[in-house]
Structure formats: structure tokens, C-alpha cells
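Each protein sequence line maps, in turn, to chains A and B.
Position one of the first sequence corresponds to residue 1 (the numbering used here), numbered consecutively onward.
Position one of the second sequence corresponds to residue 286 (the numbering used here), numbered consecutively onward.
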Amino acid sequence: MPQHFVTPPQWEWYIVWYFFLGGLAGGAYLLGTILHLMGDERDRAVARLAFLIAFPVLAICPILLTLDLGRPLRFWHMLIDSRTFGLNFKYWSPMSVGAWALIIFSAFAFVSFIQNLLGDDRLRLLRGGFGRLFMIVGALSGLFLAGYTGVLLSVSNQPIWSDTWALGGLFLASGLSVAAAALVLLVRLLAPAPSTEAKLSRADRYFVLLELVLLVVFFLSLGAVAQRFLEPRWLVMWALVLAGTLVPLGLRGVGHRGGPAILASCLVLVGGLALRIVVIFSAQM
Amino acid sequence: MARTVGFFTDTTLCIGCKACEVACKEWNQLPGHVGKFGDGYDNTGQLDEQNWRHVQFHERTAAKGGVAWNMMSDVCKHCALASCMEVCPTNAIIRTEFDTVYIQPSVCNGCRDCIAACPYHVIGFDEASGLARKCTFCYDRLQANLTPACAKACPTESIKFGELSTMRGIAGARLNQLRGQGMAEARLYGDKEYGGLHALFLLTDKPEAYGLPNTENAVLPSRNNVRSYLGSLATAVLGAVGAIIAFRGRGDRGDKE
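Have a look at this one:
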């Protein structure tokens with residue numbers, strides 16, 4: 001069993017919510033892009049909705065991260081060397097890479113947000129081939145943001161986090177699933193679009209399956225370290241994670257209409273949050 | 286004047302007086318925490334933002350029967366390959382002209398990534414200043430050509446200070462001496478770990494008994510970069526393909542299922 005003699009970094013609720021919302025925003029942008037590129041005309045409204053939620057959700061993230069700093073006013077030290085005023089970038093430090101990823105994805109998410117707010121025709125530059133390329137690159141940066149958070153935890157010497165290589169993938173799969181579930185809920189509440197909702201539910205089944213596979217890989221990679229989860233409070237969290245994966249998998253298998261779809265989506269959201277809570281807090285207690 | 290300094294802490298000479306802790310706090314103006322009084326002489330607890338030297342007290346059953354007391358004055362190791370420095374996103378953590386590892390208070394923004402990275406639980410987060418803090422190797426004293434406060438105060442010379450190469454020589458000779466006297470359990474820690482530590486320890490038990498990871502477990506955070514990113518990449522590809530399969534064309538199939 002790996003030895004750890006470490007002090008926890010006290011990354012707590014701000015970080016939990018950042019991981020959750022970052023995954024949601026990155027996932028929503030990707031889903032919007034694929035719906036826009038691969039779907040039919042009836043999917044356009046939901047694709048638009050995806051871009052319209054990606055940026056506002058993402059905009060909360062830097063606020064959370066800044067508040068988490070011991071010296072919030074020095075947030076810019078992440079990007080710019082405060083002594084030489086050159087750029088700070090360390091590709092081997094996920095926090096450094098992530099700070100840049102947040103900036104880059106924010107730019108894409110902001111432009112797409114404005115474009116969809118104004119209506120597709122207003123920004124001429126973003127139509128046609130360039131527009132598609134813009135969305136694809138934006139979606140890649142969104143995927144990176146949703147996944148690097150797990151890498152950030154692993155690139156440390158903390159128990160659990162540094163004992164696995166599956167966290168990046170796990171958070172990414174969960175982020176995609178959470179984004180699909182959030183979109184299903186919003187579609188229900190704001191603008192019914194049954195055919196698109198069916199597509200989202202189908203996608204969410206893939207994401208949940210992927211997440212379940214990664215959960216197994218995560219536990220296998222931890223080996224004996226997983227004993228840390230045996231405390232009752234973590235078992236409750238894992239029960240929520242399972243409820244947010246297994247139940248939606250079953251419900252979305254039977255049908256997409258009515259209450260079950262809403263219940264499935266709510267469970268995915270709760271499970272996605274519980275996953276981040278258990279991973280972040282269990283290593284630090 | 287650039288030079289490569291080091292500590293050599295010989296735990297066989299430590300009497301647990303904590304003069305090092307007091308001298309460190311005096312010089313570095315560290316008020317410390319309220320002491321914890323429990324079942325033992327250790328009321329410091331651990332290295333953190335207020336405690337840059339910590340005298341550990343370990344009771345163990347001696348080979349010849351009875352109880353032996355292993356004491357060790359722990360400190361930042363100023364690793365040649367430093368985990369904290371590796372992850373620090375602001376470049377607040379630098380290597381000084383003395384080859385020591387120093388957190389610049391004017392640059393640190395309190396993100397605490399270094400705390401997550403340090404394998405020796407050395408760095409602590411200081412709520413008052415909002416900064417990560419640890420032993421500076423008495424950077425100011427080194428600049429004035431003075432011995433660090435802890436080594437200066439140590440009454441038994443358990444803590445030795447000097448050029449790193451000199452410390453290595455003294456440590457090797459002491460190890461041979463103790464082994465020659467029949468102390469088979471004596472061992473040196475810090476020669477190989479993290480590219481060579483700038484704080485060497487002569488121990489009389491396994492490293493893990495003193496809260497030090499053994500050589501096999503003394504690993505850098507960056508070891509996890511490639512495989513973690515690859516795991517994310519594979520997931521991203523599978524997720525995107527899943528979404529493409531689910532979203533392409535007309536959405537009627539879902540209704541018929």
C-alpha cells in the first residue's frame with residue numbers, strides 16, 4: 001500500500017462546486033456543438049440552450065477559485081509572473097495548465113453565448129466552416145476543463161488522489177452526464193423538444209455507462225487504499241453516486257417520457273455532486 | 286555567494302529538548318499554535334505554517350527488551366527535486382543561491398497546491414497572511430553568513446549545518462561508526478530520495494516510523510501527469526463518439542425503443 005505522510009490542502013466546498021460547474025459547462029458546450037453539427041433542425045433550439053447555459057455556469061468558476069485563494073487579489077499570479085510580468089505556464093503543473101484552459105474555454109464559451117443570444121445570423125464570421133471549426137475547438141477546450149480537474153488532484157502526493165490515474169476520466173464522464181441531465185431538465189421546463197430530449201437521454205446512457213466503467217477502474221486502481229471509503233459518511237456518498245448512475249441507467253432504458261426522465265436527471269445531478277464531494281473530502285480527512 | 290548548504294540531523298544525538306523549535310520560532314517570529322497536551326512530550330504535533338522544526342518522540346520496544354525512545358527533529362528537506370516547487374503555478378517557490386527551496390511571500394497567492402504535493406507534510410497554510418509557509422533554511426541568516434537558528438541552538442550537535450557535500454561525508458562516517466559499534470538498525474535517509482535531500486537524517490528505525498516515505502514511495506507528483514491525461518483523453522474520445530452516435534440524424538429512434 002502506498003505511504004502518505006501529507007498535510008491536506010484544505011480544498012473544500014469552493015473546489016467541489018468548481019469541479020461540478022466546470023464539468024457541467026464543458027459538457028454542455030460539447031453537447032451543444034455535437035447537437036448543432038450532427039443533429040437535425042429540431043435539435044437547434046436545444047443546441048442553442050446548451051451554449052446559453054455553458055457560459056453563465058462557467059462564469060461562476062473563476063469567482064469560486066479566486067475566493068478559495070489565500071490572497072484572492074493575487075489571482076493573476078496564476079497567469080502572469082508577478083516579478084517579470086512574463087507569462088506563467090508550466091505544462092507539468094495541472095493547476096497552471098488549468099488556469100489557462102479556464103481562460104481559453106471562457107473566451108469560446110463567451111463568444112458562443114453572445115452568438116446564440118443574438119441569434120445565429122448576427123455574427124457573420126461564425127457561420128459556415130469557420131463557425132463549425134470555432135465550435136469544435138471550443139468543445140475540445142471544454143472537454144479539457146471538464147477532465148483536467150481529476151488530473152489536478154492526481155498530480156499530488158495525497159492519498160486516494162495520487163494513487164489512481166482514473167480521476168480525470170471519471171470526472172469527465174460525470175461532467176458529460178451531468179450536462180446531459182441538466183439539459184434534459186431545462187428542455188422539460190423551458191421548451192419541450194421530445195425528439196432532442198430522446199437523443200439527450202440516449203447520450204446520457206452512454207455517459208453513465210462510461211462513468212460506471214471508470215468507477216470500477218478507479219476502485220481497481222486504488223486497491224487497498226479504497227479502505228478509506230469504509231466510513232459511514234462516505235458510504236452514504238457512494239450510495240448517492242450509485243443512485244445517480246444505476247437508477248438513471250435503468251429509468252432511461254424504459255422510456256423517456258414523464259416523471260422518470262425528471263427523476264433520472266435529478267439523480268444524475270445529485271450523483272455528480274456526491275462523486276466530487278466524496279473524492280475531494282475523503283482524501284483530506 | 287552561491288553555495289550548496291545542507292542539514293544533517295543525527296537522531297542518535299537528539300535529547301528532545303526542543304531548543305531547535307524555540308530558536309526557529311524566535312528568529313522567524315512564529316508565534317506558534319496553542320500546545321496540545323496529550324500522552325507524551327510532543328505538544329507541537331506536526332510541521333506546519335507555525336512549526337518549521339518539530340521534535341518527534343517515538344516509543345518503541347528495544348531489541349534487548351524495555352522501551353527505547355527515538356527522537357527526531359524534523360524539518361523541510363529542501364529536496365533537489367522538490368514536489369512543492371514542481372506544482373507551484375505562480376513560481377512563488379524558487380531555488381535560492383544556497384540551493385534551498387524558498388516560498389516568496391510576495392508572490393504566493395495561497396492556492397495550496399504545494400501543500401497537496403509535499404510528501405513530508407512540511408508546508409502549512411497561514412490563515413493570517415493567506416500564504417503557504419515553511420522553513421526558509423533561515424534564508425536571511427544564510428545571506429548574512431550565519432548558521433540557521435535551529436542548528437546554532439542545538440546543544441548536542443544533533444543538528445549539523447554546512448556544505449551539503451561536507452554533511453554527506455559526516456553522515457557517512459557516523460553511519461559507519463554506529464554500524465561498527467553493532468547498531469545494525471542505523472541507516473541514512475535522504476541520500477537518494479528526491480534527487481538527494483538537503484536535510485539528511487541518521488535514523489535508527491524504518492523511515493516510515495518517523496513519518497518519512499521510504500525510497501520506493503518518495504515520488505514526484507508529476508509521475509501521474511501522462512497516465513491521468515491519457516485516461517481523460519480516452520474518456521473524451523469515448524464520450525464524444527457516444528454523443529455523436531446518440532445525436533446524429535433524426536431523433537425518432539429513441540421514441541420507438
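We put the beta carbon where it would ideally sit given N, CA and C, even for glycine.
Closer than 8 Å to chain A by CB, residue i
{"i": "G330 (chain B)", "result": "no"}
{"i": "E306 (chain B)", "result": "no"}
{"i": "D540 (chain B)", "result": "In this prediction, D540 (chain B) scores a pLDDT of 43, lower than 50, which makes its location untrustworthy; no coordinate-derived value is stated."}
{"i": "R338 (chain B)", "result": "no"}
{"i": "V392 (chain B)", "result": "yes"}
{"i": "I400 (chain B)", "result": "yes"}
{"i": "T375 (chain B)", "result": "yes"}
{"i": "C403 (chain B)", "result": "yes"}
{"i": "E382 (chain B)", "result": "no"}
{"i": "F532 (chain B)", "result": "yes"}
Short CB-CB distance (under 8 Å) between residue i and chain B
{"i": "I34 (chain A)", "result": "yes"}
{"i": "P232 (chain A)", "result": "no"}
{"i": "T245 (chain A)", "result": "no"}
{"i": "M95 (chain A)", "result": "yes"}
{"i": "N116 (chain A)", "result": "no"}
{"i": "M38 (chain A)", "result": "yes"}
{"i": "S265 (chain A)", "result": "no"}
{"i": "F113 (chain A)", "result": "no"}
{"i": "S162 (chain A)", "result": "yes"}
{"i": "Y310 (chain A)", "result": "No answer is possible for residue 310 (chain A): the residues shown for chain A start at 1 and end at 285."}
{"i": "Q158 (chain A)", "result": "yes"}
{"i": "W165 (chain A)", "result": "yes"}
{"i": "V155 (chain A)", "result": "yes"}
{"i": "V6 (chain A)", "result": "yes"}
DSSP state of residue i mapped onto helix, strand, coil
{"i": "S545 (chain B)", "result": "One cannot answer for residue 545 (chain B) here, as it falls past the ends of chain B, which runs 286 to 542."}
{"i": "G475 (chain B)", "result": "coil"}
{"i": "Y405 (chain B)", "result": "coil"}
{"i": "F113 (chain A)", "result": "helix"}
{"i": "D411 (chain B)", "result": "strand"}
{"i": "D295 (chain B)", "result": "strand"}
{"i": "G447 (chain B)", "result": "strand"}
{"i": "Y91 (chain A)", "result": "coil"}
{"i": "H343 (chain B)", "result": "strand"}
{"i": "I80 (chain A)", "result": "strand"}
{"i": "L518 (chain B)", "result": "helix"}
{"i": "A287 (chain B)", "result": "coil"}
{"i": "I300 (chain B)", "result": "coil"}
{"i": "Y326 (chain B)", "result": "coil"}
{"i": "L315 (chain B)", "result": "coil"}
{"i": "A417 (chain B)", "result": "strand"}
{"i": "V6 (chain A)", "result": "coil"}
{"i": "R71 (chain A)", "result": "coil"}
Straight-line gap, residue i to residue j (C-alpha atoms, nearest Å)
{"i": "R291 (chain A)", "j": "V352 (chain B)", "result": "Look at the range of chain A in this structure, 1 to 285, and you will see that residue 291 (chain A) is not part of it."}
{"i": "R512 (chain B)", "j": "A519 (chain B)", "result": "10 Å"}
{"i": "P492 (chain B)", "j": "I262 (chain A)", "result": "54 Å"}
{"i": "M468 (chain B)", "j": "A348 (chain B)", "result": "11 Å"}
{"i": "P440 (chain B)", "j": "T500 (chain B)", "result": "31 Å"}
{"i": "G480 (chain B)", "j": "C373 (chain B)", "result": "18 Å"}
{"i": "L49 (chain A)", "j": "G39 (chain A)", "result": "14 Å"}
{"i": "L79 (chain A)", "j": "Y326 (chain B)", "result": "45 Å"}
{"i": "G465 (chain B)", "j": "V97 (chain A)", "result": "52 Å"}
{"i": "T346 (chain B)", "j": "N336 (chain B)", "result": "28 Å"}
{"i": "D359 (chain B)", "j": "F292 (chain B)", "result": "11 Å"}
{"i": "L220 (chain A)", "j": "S177 (chain A)", "result": "22 Å"}
{"i": "F281 (chain A)", "j": "E12 (chain A)", "result": "7 Å"}
{"i": "L515 (chain B)", "j": "E306 (chain B)", "result": "45 Å"}
{"i": "A304 (chain B)", "j": "C435 (chain B)", "result": "7 Å"}
Burial state of residue i, where buried means 16 or more other Cβ atoms lie within 10 Å
{"i": "N510 (chain B)", "result": "buried"}
{"i": "D425 (chain B)", "result": "exposed"}
{"i": "P232 (chain A)", "result": "exposed"}
{"i": "I63 (chain A)", "result": "exposed"}
{"i": "D204 (chain A)", "result": "buried"}
{"i": "D398 (chain B)", "result": "buried"}
{"i": "Q158 (chain A)", "result": "buried"}
{"i": "T149 (chain A)", "result": "buried"}
{"i": "K477 (chain B)", "result": "exposed"}
{"i": "Y29 (chain A)", "result": "buried"}
{"i": "L306 (chain A)", "result": "Since the first residue shown for chain A is 1 and the last is 285, residue 306 (chain A) is missing from the structure and cannot be characterised."}
Contact residues within the segment 167-189 of chain A, judged by C-beta distance below 7 Å to chain B: L167, G168, G169, L172, A173, L176
Taking beta-carbon pairs under 7 Å, can you tell me which members of the segment 65-87 of chain A lie near chain B? L69, G70, R71, R74, F75, H77, M78, D81, S82, R83
Under 8 Å, CB to CB, which of the residues in the segment 338-371 of chain B have a partner in chain A? S368, E371
Using a Cβ-Cβ cut-off of less than 9 Å, list which residues of the segment 512-526 of chain B approach chain A; keep chain order. The residues in question are R512, S513, Y514, L515, G516, S517, L518, A519, T520, A521, L523, G524, A525, V526.
For the segment 404-416 of chain B, which residues have a CB atom closer than 9 Å to at least one CB atom of chain A, in sequence order? P404, Y405, H406, V407, I408, G409, F410, D411, E412, S414, G415, L416
Along the segment 463-478 of chain B, where does the CB come closer than 7 Å to a CB of chain A? Name the residues. none
Contacting positions in the segment 210-221 of chain A - beta carbon closer than 7 Å to chain B: Residues passing the 7 Å Cβ filter: L210, L214.
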